[in-house]
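All remarks here apply to the structure that follows.
In my numbering, the protein residues as written are 31 to 476.
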């Protein structure tokens, strides 16, 4: 069976073969009426068969055949262009025309991917293409098929290079470098603005010093006092690194798609980049996910490995299409986050009634932490609100779209009324707007 597949199963006949064969059939029919050309047609047919046999020998008898290799990164970035390279090596001693057929992961739904190249004898060629995944998870690449022909092009041999591999798609880690400059940015604010309440309330030890009048006697260091024979006190300063928690809602409203990505994916990508900026600014970043139950929890830290731990945590987050439980979230935040922190809550509200159901719990969280609620504009409605209505139906549709857009702004205003910070943004501008808001708060806090 192996020999049958090698010498027959991988043989394909191109369009050129059938065109020439059809031409000879037509000539034989003509020769039936014009006997003078019969001999010439027979000689031409025999020459064609000889060329086909030679083409077959060139393609199937050499020991070495063209091979291909796929070069990918260890992981791909969700929502970004990822570069994939194919290295094709021609082991034949003649220039080969190669049609490369790549088996892409099922997520891309592309079964017609192919490229045509010409490769010199015993030389290599490189094909570069880009893939933009739209969801996280494992992507399975298949084998690489090379449809090889000689310069004659009468036959085609399929050479399959085993290249099956699994490549994980992580949240958009490529954007970490893109937005890294934000960590050095300082936003300018107008003088005389209202100073925000401090995020953190914890203190860190600085030094032991001599006691002076006015120092807190509760901070006397009795061991140091015994050694020095005079009163010594511990001196503390406000901790410079603040706690920043990104809380991601995985409820059903976060499954809405925009531009190929879901709101959950936009939130995850933004969370990863924002956490990286926080770590660069010296703050401690943590992540919590929830829906109807508590999901994953990563305590805020600023270790060198924290960003990788956040990336791994966000990799497998999915929505369960259930209603999010904000009461449960409040109770978990109170038990898990002891110190006052900046909490960036990625969620979505489509109506005032939806907000009002959860407003009590948001106000309770905001009473103990600096809460920033991030929710999304329905950017799909922009074209409707900006369109010109020329019929009653179009007027109705435009009015409805404007109503939804206006209600989003009302939600932001309602949150502000209760002292809750909000960020209403389009999904595509989420990351940059979230970073700017964080830097703005960082500047005000001082």
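The C-beta atom is built at its ideal place from N, Cα and C for all residues, glycine as well. Predicted model, so just to flag it, every value in this text is computed and none were measured.
Beta-bridge partners of residue 189 (DSSP): 176.
In the displayed model, residue 265 falls within a strand according to three-state DSSP.
When 307, 196 and 263 are compared, the shortest CA-CA separation from residue 205 is found for 307. Cβ neighbours of residue 191 within its own chain (closer than 6 Å, five residues either side excluded): 97, 98 and 174. Within the model, the alpha-carbon separation for residue 440 versus residue 382 is close to 8 Å.
The Cβ neighbour count for residue 138, taken over all protein chains shown within 10 Å, is under 16; the residue is labelled exposed.
Here residue 120 is buried: its Cβ has 16 or more other Cβ atoms, across all protein chains shown, within 10 Å. Just measuring C-alpha positions, the residue of 352, 299 and 179 sitting nearest residue 95 is 179. Counting every other CB atom within 10 Å of its CB across the protein chains shown gives residue 156 a total below 16, marking it as exposed.
Note on geometry: alpha-carbon atoms of residue 348 and residue 387 lie some 24 Å from one another. Annotation for residue 73: the continuous alpha helix (DSSP H) segment containing it runs 68-90. Following the DSSP letters along the chain, one finds residue 453 inside the beta strand (DSSP E) bounded by residues 451-455.
At the C-beta level, residue 48 and residue 88 stay beyond 8 Å of one another. Assigned with DSSP and collapsed to three states, residue 168 falls in strand. In the structure shown, residue 106 adopts extended strand secondary structure according to DSSP, grouped into three states.
Counting every other CB atom within 10 Å of its CB across the protein chains shown gives residue 196 a total below 16, marking it as exposed. One Cα belongs to residue 393, the other to residue 449, and the distance between them is close to 8 Å. Between the alpha carbons of residue 177 and residue 129 lies a distance of about 5 Å. Taking residue 249 as the centre and dropping the five residues before and after it, the same chain places the C-beta of 263, 264, 265 and 266 closer than 8 Å to its C-beta, in chain order. Between residue 40 and residue 187 a beta carbon distance of about 6 Å is seen, short of the 8 Å cut, so the two are scored as contacting.
With contacts defined by Cβ atoms closer than 8 Å, residue 162 and residue 110 form a contacting pair. The DSSP assignment places complete alpha helix (DSSP H) segments of no fewer than 4 residues inside the region 345-432 at 356-366, 382-396 and 412-416, in order along the chain. Annotation: residue 395 to residue 208 spans about 32 Å, alpha carbon to alpha carbon.
CA-CA distance, residue 334 to residue 274, rounds to 16 Å. Closest option to residue 427, judged by alpha-carbon separation, among 297, 437 and 413: 413.
Burial check for residue 291: the Cβ neighbour count within 10 Å reaches 16 or more, so the residue is buried. If you draw a straight line from the Cα of residue 359 to the Cα of residue 378, it comes to about 15 Å. If you ignore the 5 residues before and after residue 321, its C-beta comes within less than 6 Å of the C-beta of 280, 281, 350, 352 and 354, all in its own chain and listed in chain order. In the DSSP assignment, residue 129 falls within the beta strand (DSSP E) that extends over 126-132. Considered as a whole, the region 247-315 harbours 262-268 and 273-279 as its complete beta strand (DSSP E) runs of no fewer than 3 residues, in chain order.
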